[in-house]
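The structure appears below as structure tokens.
Protein chains in written order, with my numbering: chain A, 1497 to 1695; chain B, 1497 to 1695.
As structure tokens, this is what we get:
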């Protein structure tokens, strides 16, 4: 794809995300997006063959942004347990900023969960790969005691879902929940981690 | 309330739940429920002043049923860790049977989460009380090592939400997840439990 085409694609995605934030996915039309960009709907359809395809691109952009942030943290020179904590915290904060502060974006996410399962699944597989590498490093370095790192990875991601899933973050806000840091303490113990100073 | 009135109330709740299973909460009308019971809508409204109130009663019945099951398990004469495992497993199985096998009931549950928050909150508080008592017993008996049982209770419930929450059970079904038993193993380690035979 040539550079001007890439720019147009990016503009469509950003404009669509703006509409999804303001009025929600369902109410946004391709015509709204086109008008806001001063182009014809037909031109938008040259880049995305449906509103669903636009939604997929918006969801994917959010996921790729989160993946970039966690890759940067995972590459730091720090104990694996500290990096795992930072990866989970950063993911929670990014999703809270995106979905809790802009509750209309739930619709976009719910829609991706329903209609664009491959995009969601790909993201979760890449996210698990980051957790998995950190857990294996922690086991190799004696920080964690885990018999099956692949299983432990899924336990960690599953135990933390309340802090990552847009709908749960909203639904559980009014319930007595541990804060994300306390939940990560619990998860690290589940990985056999002993905090400094503990026996 | 006299006994015939209690029976009528129960019949309305059971009939409503049947409709919610078959066609969902949104499509069910008070007139449908009344007709099926060969009574007038006005008579149904003598017992419940709105469809929302009927939904609350249906949701509450499901929650009370789950609470009765976990109380029975918690009262057994067995190690606390075994009872905690059984409590979580039984809760998962009851909710899976109710909501995954009857996906229309999601609507009823989602609606209760939105509109009848006090009912949901009361249930979660009573559920937490069962977990809390088991964790305190386990700490007293040397099975668990936990500094703050109240916080640990919330960590356990939060770590297990994927196995209890109707929407998540469906959404996560296609993802690589630990089975409920493996997740409970992870949670027990988080409570400082050492499996038999471990150092």
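Note that CB positions come from ideal geometry on N, CA and C, so glycine has one too.
Any C-beta of chain A under 7 Å from that of residue i
{"i": "residue 1629 of chain B", "result": "no"}
{"i": "residue 1647 of chain B", "result": "yes"}
{"i": "residue 1672 of chain B", "result": "yes"}
{"i": "residue 1650 of chain B", "result": "yes"}
{"i": "residue 1632 of chain B", "result": "no"}
{"i": "residue 1522 of chain B", "result": "no"}
{"i": "residue 1640 of chain B", "result": "no"}
{"i": "residue 1655 of chain B", "result": "yes"}
{"i": "residue 1594 of chain B", "result": "no"}
{"i": "residue 1667 of chain B", "result": "yes"}
{"i": "residue 1559 of chain B", "result": "no"}
{"i": "residue 1695 of chain B", "result": "Note on residue 1695 of chain B: pLDDT 45, under 50, position unreliable in the model; the coordinate value appears next. For residue 1695 of chain B, the answer is no, since every Cβ of chain A falls outside 7 Å of its Cβ."}
Pairwise C-alpha distance: residue j and residue i
{"i": "residue 1669 of chain B", "j": "residue 1566 of chain A", "result": "25 Å"}
{"i": "residue 1601 of chain A", "j": "residue 1594 of chain A", "result": "8 Å"}
{"i": "residue 1695 of chain A", "j": "residue 1672 of chain A", "result": "Its pLDDT being 45, under 50, residue 1695 of chain A is placed unreliably in this model, and the value from its coordinates should be taken loosely. Answer to the nearest angstrom: the Cα atoms are 30 Å apart."}
{"i": "residue 1674 of chain A", "j": "residue 1555 of chain A", "result": "28 Å"}
{"i": "residue 1592 of chain B", "j": "residue 1679 of chain B", "result": "16 Å"}
{"i": "residue 1665 of chain A", "j": "residue 1564 of chain A", "result": "22 Å"}
{"i": "residue 1538 of chain B", "j": "residue 1618 of chain B", "result": "30 Å"}
{"i": "residue 1644 of chain A", "j": "residue 1683 of chain B", "result": "15 Å"}
{"i": "residue 1543 of chain B", "j": "residue 1647 of chain B", "result": "40 Å"}
{"i": "residue 1503 of chain A", "j": "residue 1545 of chain A", "result": "17 Å"}
{"i": "residue 1660 of chain A", "j": "residue 1498 of chain A", "result": "35 Å"}
{"i": "residue 1656 of chain A", "j": "residue 1534 of chain A", "result": "43 Å"}
{"i": "residue 1500 of chain B", "j": "residue 1540 of chain B", "result": "14 Å"}
{"i": "residue 1613 of chain B", "j": "residue 1652 of chain A", "result": "28 Å"}
{"i": "residue 1579 of chain B", "j": "residue 1579 of chain A", "result": "34 Å"}
{"i": "residue 1486 of chain A", "j": "residue 1532 of chain A", "result": "Chain A is shown only over 1497 to 1695; residue 1486 of chain A falls outside these bounds and no answer can be derived."}
{"i": "residue 1690 of chain B", "j": "residue 1642 of chain A", "result": "13 Å"}
{"i": "residue 1622 of chain B", "j": "residue 1632 of chain B", "result": "15 Å"}
Chain B within 7 Å of residue i, Cβ atoms only
{"i": "residue 1686 of chain A", "result": "yes"}
{"i": "residue 1675 of chain A", "result": "no"}
{"i": "residue 1682 of chain A", "result": "yes"}
{"i": "residue 1589 of chain A", "result": "no"}
{"i": "residue 1690 of chain A", "result": "no"}
{"i": "residue 1604 of chain A", "result": "no"}
{"i": "residue 1658 of chain A", "result": "yes"}
{"i": "residue 1535 of chain A", "result": "no"}
Residue j beta carbon less than 7 Å from that of residue i
{"i": "residue 1530 of chain A", "j": "residue 1536 of chain A", "result": "yes"}
{"i": "residue 1517 of chain A", "j": "residue 1598 of chain A", "result": "yes"}
{"i": "residue 1609 of chain A", "j": "residue 1667 of chain B", "result": "yes"}
{"i": "residue 1640 of chain A", "j": "residue 1688 of chain A", "result": "yes"}
{"i": "residue 1624 of chain A", "j": "residue 1649 of chain A", "result": "yes"}
{"i": "residue 1509 of chain A", "j": "residue 1557 of chain A", "result": "yes"}
{"i": "residue 1676 of chain B", "j": "residue 1588 of chain B", "result": "yes"}
{"i": "residue 1615 of chain B", "j": "residue 1568 of chain B", "result": "no"}
{"i": "residue 1548 of chain A", "j": "residue 1611 of chain A", "result": "yes"}
Nearest-angstrom Cβ-Cβ length linking residue i and residue j, presumed shorter than 8 Å
{"i": "residue 1606 of chain A", "j": "residue 1663 of chain A", "result": "7 Å"}
{"i": "residue 1658 of chain A", "j": "residue 1654 of chain B", "result": "5 Å"}
{"i": "residue 1626 of chain A", "j": "residue 1583 of chain A", "result": "6 Å"}
{"i": "residue 1571 of chain A", "j": "residue 1630 of chain A", "result": "At roughly 11 Å, the Cβ-Cβ gap does not stay under 8 Å, so residue 1571 of chain A and residue 1630 of chain A are not in contact."}
{"i": "residue 1514 of chain A", "j": "residue 1603 of chain A", "result": "About 14 Å separates the two Cβ atoms, so there is no contact after all."}
{"i": "residue 1696 of chain A", "j": "residue 1634 of chain A", "result": "Because chain A in this structure spans residues 1497 to 1695, residue 1696 of chain A falls outside the shown range and cannot be described."}
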